[in-house]
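Worksheet: one structure, shown below.
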Amino acid sequence: MKNYWLIKSEPTCYSIDDLKRDKKTAWGGVRNYQARNFMRDGMKVGDLVIFYHSSANPPSAVGVAKVTSPSYTDATALDPKDDHYDPKSTKENPIWMQVDVAFAEKFKNPVSISLIKANPRLKGVPVAQVGSRLSIQPLLEKHFEEICRMSK
DNA sequence: GCCAACGTTGGC
DNA sequence: GCCAACGTTGGC
């Protein structure tokens, strides 16, 4: 059984085009326990992920990525020079994890947050919730499929 | 263990 | 730039 996810990224920081260019990237720098738990406990190799541009015009689901590794230690947390350095995380006791994700598809038509909110078949999708700040969210298969369908 | 203060996220 | 939502921190 495959699981489905949505991951957010600010396109000025890392966009779907960056992922397309890189083919694959380590999804590191996540500093939220709930998001980490989803990566650590929920994500499996082969899971499909909606790539979402937050703080964009308009904020939109812009493509699909695929999980290509189990979770492993996020080394940026251990590097004092890194922006995402976290002194609470140590080599002996790392607290932050990441997975690798690979580019799968860039949507022909991005699906904006207003379209997501307006679609009754996407009722309850976390990203459409008021105040949704979680950068990694689980998705139901039918919701994943519906967003892909809307992008066609 | 409570809770106020504070910081961050992210849509608008 | 505003502000609501909400996670984290730290004093008690």
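If you number the first sequence the way the numbering used here does, the last residue is 948 and the count never jumps. A virtual CB, placed ideally from N, CA and C, is assigned to each residue, including glycine. Since this is a predicted model, take the numbers as computed values, not measurements.
Boundaries of the beta strand (DSSP E) in which glutamine 933 is found, first to last residue: Taken as a continuous stretch (DSSP letters only), the beta strand (DSSP E) holding glutamine 933 covers 932-935.
Can cysteine 944 and valine 826 be called in contact, C-beta distance under 8 Å? no
Can you confirm whether the region 879-896 touches the region 805-819 when touching is taken to mean that 3 or more C-beta pairs between the two stretches lie within less than 8 Å? no
Do aspartate 843 and valine 858 have their CB atoms nearer than 8 Å? no
Would phenylalanine 899 pass as a contact of lysine 819 if the rule is Cβ separation under 8 Å? Contact flag set, yes.
Using the Cβ count rule (16 or more neighbours within 10 Å means buried), how would you classify alanine 873? buried
With a CB to CB cut of under 8 Å and the five nearest residues on each side skipped, what residues in its chain are close to aspartate 875? For aspartate 875, where only same-chain residues beyond five positions count, the Cβ hits under 8 Å are Tyr881.
Hey, leucine 815 and glutamine 933: beta-carbon distance below 8 Å or not? no
Considering only DSSP beta bridges, list what tryptophan 801 is partnered with. Val845, Pro934
Can you look up aspartate 813 in the DSSP assignment and give me helix, strand or coil? helix
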